[in-house]
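Everything below concerns the one structure shown next.
Number of protein chains: 2
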Amino acid sequence: MSFCPFTSRRGFLTAAGALAGALGTGCMARAETRADQPASGAPALDAVEPFWGVHQAGILTPQQAHCYFAAFDLVTEKVGEVESLLRTWTNAAAQLASGNPVVDLGRNPYSATPAVDSGEAQGLGAARLTLTFGFGPGLFVKDGKDRYGLAAQRPAALVDLPRFNGDQLVPEHTGGDLCIQACADDPQVAFHALRQLARQADGLAQMRWLQTGFSSSGAMGETPRNLLGFKDGTQNPVAPAPNGRKGPSRPGLSPDEVIWVGAEGPDWMRGGSYLVARRIRISLEHWDRSDVDFQEQIIGRRKASGAPLGAEGEFDPPDFDMADKDGNPVIPDTAHLRLGAAANNGGAQILRRSYSYNDGLTFIAERWPPWRQGMLYDAGLFFMAYQRDPRTGFIKIFDKMSKLDALNQFTTHIGGGIFACPGGAVEGGFIGQGLFRRA
Amino acid sequence: MSFCPFTSRRGFLTAAGALAGALGTGCMARAETRADQPASGAPALDAVEPFWGVHQAGILTPQQAHCYFAAFDLVTEKVGEVESLLRTWTNAAAQLASGNPVVDLGRNPYSATPAVDSGEAQGLGAARLTLTFGFGPGLFVKDGKDRYGLAAQRPAALVDLPRFNGDQLVPEHTGGDLCIQACADDPQVAFHALRQLARQADGLAQMRWLQTGFSSSGAMGETPRNLLGFKDGTQNPVAPAPNGRKGPSRPGLSPDEVIWVGAEGPDWMRGGSYLVARRIRISLEHWDRSDVDFQEQIIGRRKASGAPLGAEGEFDPPDFDMADKDGNPVIPDTAHLRLGAAANNGGAQILRRSYSYNDGLTFIAERWPPWRQGMLYDAGLFFMAYQRDPRTGFIKIFDKMSKLDALNQFTTHIGGGIFACPGGAVEGGFIGQGLFRRA
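If you read the protein sequences in the order shown, they are chains A and B.
By the numbering used here, the letter at position 282 of the first sequence is numbered 328, and the numbering carries on one by one without gaps.
By the numbering used here, the letter at position 435 of the second sequence is numbered 481, and the numbering carries on one by one without gaps.
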């Protein structure tokens, strides 16, 4: 049986679109019956993000509601197989992003029948799926070995992340030679895509870790809140702000300044960006026992409005020089906002694209009274930041924060990685092609 | 500081509703710009499910897109504190389900300030949140002890689940004295609600395990697909079918026959239902290496359409007597569909309300060639079934399936529990009140 058992998802979507059109004049009636329709069934789920382009999608793309992030260890020893995998992944990603199943995955070593799409996304639409690929240090040098003859191509900016103060990284959530960030407005669409790509890597690359995340923003397109209950991403430097939300009142920077690699190269990274990911567990139980005014001193913002302390609106510029009547800084010296602000880091900027995560419970020994040991939330923030150069971006900012940020008493970095995400591909090419052309 | 820092979520929602009304005449224009709006920001997220009523919400409620399920161990030794916790939980659940924050959680042993809502759901709407409470066997008898003087009230139907063939249940995902099922169309709303309730239990009940899940259905309200890629829930006995989806062609049964406890009692369970939950890991890697026609023989249905083998439409009744030209049954003897069907279980019926789950990777030793050991998906189905009596429902059906179902080669039951979910509460009362009134 060599045919694909699925009708095209696109065909389904065309029909759905026609229906939406027919319903156009009955909009209010439809709104009244919406309670019977799950949000996941909302017609917005047929929206498509373009895959081909100068930059990879999923970086400056307005942030989707769900994320699956996977890191892989390469197990092949042949550079040609790495190149071939990236070509296969690129083609499959383009199919998936347009809302189509992967008709022929090409690899099924256990059967004479070609492997086909696993099918669970049929009928769900593209849901703004983006697939973003990155290369870890291990693609270039692993355990001191240049496995693929690519060591000379390693960008200077793709450093090994230093050990930061307080790091408690565990191997099963850290590192990786390749990464895929799959984001969509539906979790099943995002995982489905990642699953097809992982299948295509069978025998070439083994998934090392996998992280799920969600980001819920309000009906008005407000800045989403993280599990601390605070708005997260207000300070993002690029305008227009992701998510179509209320932008900063000050003019934004150009993505070319902050996010995209320019002439500094290497050539194959031009138009690309560097991703730093950190799996940050938050001690929610401990946080929830603290008073809101104490939380606001730690963050440096009001919890409800997101306004910097001493200001009125979320996007008002923070006044780091403002003092209260006793001469103490209104935004404390150890506030998260102060320590992370570009103004206090020589202008260093990153594009935050983080997701909350919740992986149930895990065994934790508390660092605070009553020093309980037991099952506590394994939940927090899967922090992702894109930048033109991590040495002058995340590393510069976080080196100081890891030592001084008052929030550190509630957070523990337990995983993550650094990845070079090349520029986008034109149709017929593949992500990272420039790297292999030179090799 | 004793005031709540949050404006009412309801106030926010009223404004959002007015805006939606104003946009009514511009429906098509809005549809065209939908790509900029995440699905999580769709206005449907302000929909409210009623909390008070004869039955608890979250059982027959059309299935929401996200679920958080938590089981708790009671640590208090006083029955009055259990009763008080249930009253507190009921009141908080009613607030949360209507889209409001919990203004005063009443317990903050670490501060003179009352604990307030943790805030991350502000601006998100009620998202059809339901909170469903259940009592495990441990509320009545634990380690042979009648801790609360409630042993005589234990319903005969609340049996300890037998050990089924193939069970590999682990304590950290199994059991519990109390449970809360939190379902909503937004994951942050669901977790937020559970988090507030867990805080109120501080010192009285300790969360034992926590499971997240998702269920994605298509834009047309079709039966959702599980991670096997097959539609899941087609056989549900009750009409109208959950999710407002295409119903079965045959007449459905009444919920009173299948789901709700009637005169057989005990009185405090009248209008309630019994929940059996099972955390079922699916070996997705192995499943994905099998051919689709083989998968269809295992399930007994077509993958794309959901039609029973030998039939055309998803809701066509399966013909278990049909044979092929060689005399073999078209729906194999070991097919999942055949073994689970009411017709082959003396009419036994359950209401499936399952969610897919994906908790990343975990260390697994494969049971099949090439017998790999390593990091594989910790993903599958968080199966939940509601029924009037588990002895004639899940236990009867699954006893046979656990021995014969061809799907078992791909699935492992690794956790779960059984819970008596009392009837609903009227305003001023609380869930389970009848149990304590008699004690």
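Even for Gly, the Cβ is constructed at its ideal location relative to N, Cα and C.
- Chain B has no Cβ within less than 9 Å of the Cβ of D302 (chain A).
- Close partners of M447 (chain A) in chain B (Cβ separation under 8 Å) are lacking, with about 22 Å as the shortest Cβ gap.
- Assigned with DSSP and collapsed to three states, L355 (chain A) falls in coil, not helix or strand.
- Burial check for F237 (chain A): the Cβ neighbour count within 10 Å reaches 16 or more, so the residue is buried.
- When the beta-carbon positions are compared, A116 (chain A) and S261 (chain A) stay at least 9 Å from each other.
- Within the stretch 144-186 of chain B, the complete beta strand (DSSP E) segments of 3 residues or longer fall at 176-181, listed in chain order.
- Using a C-beta cut-off of 8 Å, the stretch 343-358 of chain B makes contact with the stretch 446-454 of chain B, since at least three inter-stretch Cβ pairs fall below that distance.
- In chain B, no part has a C-beta under 7 Å from the C-beta of N282 (chain A); the shortest such distance is about 16 Å.
- In this structure, the straight-line span from the alpha carbon of V205 (chain B) to that of P436 (chain B) is close to 8 Å.
- Three or more Cβ pairs closer than 8 Å define a contact, and the stretch 320-327 of chain B meets that threshold against the stretch 424-431 of chain B.
- Around the beta carbon of D92 (chain A), a 10 Å sphere encloses 16 or more other beta carbons of the protein chains shown; the residue is thus reported as buried.
- With respect to the C-alpha of E166 (chain B), the residue from A:A350, A:L240, A:A251 having the closest C-alpha is A:A350.
- Taking a Cβ-Cβ cut-off of 8 Å, the neighbours of A161 (chain A) in chain B comprise D334, R335, given in sequence order.
- Looking at B:G474, B:P468, B:W98, the one whose alpha-carbon comes closest to that of G182 (chain B) is B:P468.
- Taking 9 Å as the cut-off, the beta carbon of S448 (chain A) is found closer than this to the beta carbon of F210 (chain A).
- Below the 9 Å Cβ cutoff, chain B contributes no neighbours of D189 (chain A), its closest Cβ being approximately 18 Å away.
- Any Cβ of chain B closer than 9 Å to the Cβ of Y423 (chain A) would place that residue at the interface, and such an atom is present.
- With respect to chain A, the C-beta atom of Q102 (chain B) has no partner C-beta closer than 9 Å.
- For W255 (chain A), the chain B residues whose Cβ falls inside 8 Å of its Cβ are G406, L407, M421, in order along the chain.
- For S400 (chain A), the secondary structure class from DSSP, reduced to helix, strand or coil, is coil.
- Contact fails between the stretch 351-369 of chain B and the stretch 177-193 of chain A, because fewer than three Cβ pairs, one in each stretch, are under 8 Å apart.
- Between the beta-carbon of L142 (chain B) and that of A239 (chain B) there is about 4 Å, and that keeps the pair under the 8 Å contact cut.
- Residues of chain A whose Cβ lies closer than 7 Å to the Cβ of G275 (chain B) are, in chain order, S164, G165, E166.
- Using a Cβ-Cβ distance cut-off of 8 Å, the stretch 466-482 of chain A and the stretch 93-106 of chain A are in contact, since at least three pairs of beta carbons, one from each stretch, lie closer than that value.
- Between V307 (chain B) and R434 (chain B) the beta-carbon gap is near 6 Å, inside 8 Å, which marks them as a contact.
- Separation of the CB atoms of L132 (chain B) and G478 (chain B) is rounded to 5 Å, and the pair is thereby assigned contact status at 8 Å.
- For S400 (chain A), the nearest beta carbon of chain B is not closer than 9 Å to its own beta carbon.
- In the DSSP assignment, V322 (chain A) falls within the beta strand (DSSP E) that extends over 319-328.
- Within chain B, the residues placing a beta-carbon under 8 Å from that of N272 (chain A) are E166, ordered along the chain.
- Close partners of S329 (chain B) in chain A (Cβ separation under 9 Å) are lacking, with about 13 Å as the shortest Cβ gap.
- With 16 or more neighbouring CB atoms inside 10 Å of its own CB, P233 (chain B) falls in the buried class.
- With a threshold of 9 Å between beta carbons, S157 (chain A) makes contact with chain B.
- Rounded to whole angstroms, Q109 (chain B) and A103 (chain A) show a C-alpha spacing of 32 Å.
- The CB of E360 (chain B) never comes closer than 7 Å to any CB in chain A; the least such distance is about 12 Å.
- Burial of Q257 (chain A) is indicated by the presence of at least 16 other C-beta atoms within 10 angstroms of its C-beta.
- In the DSSP assignment, the residues bridged to I410 (chain A) are A:G420.
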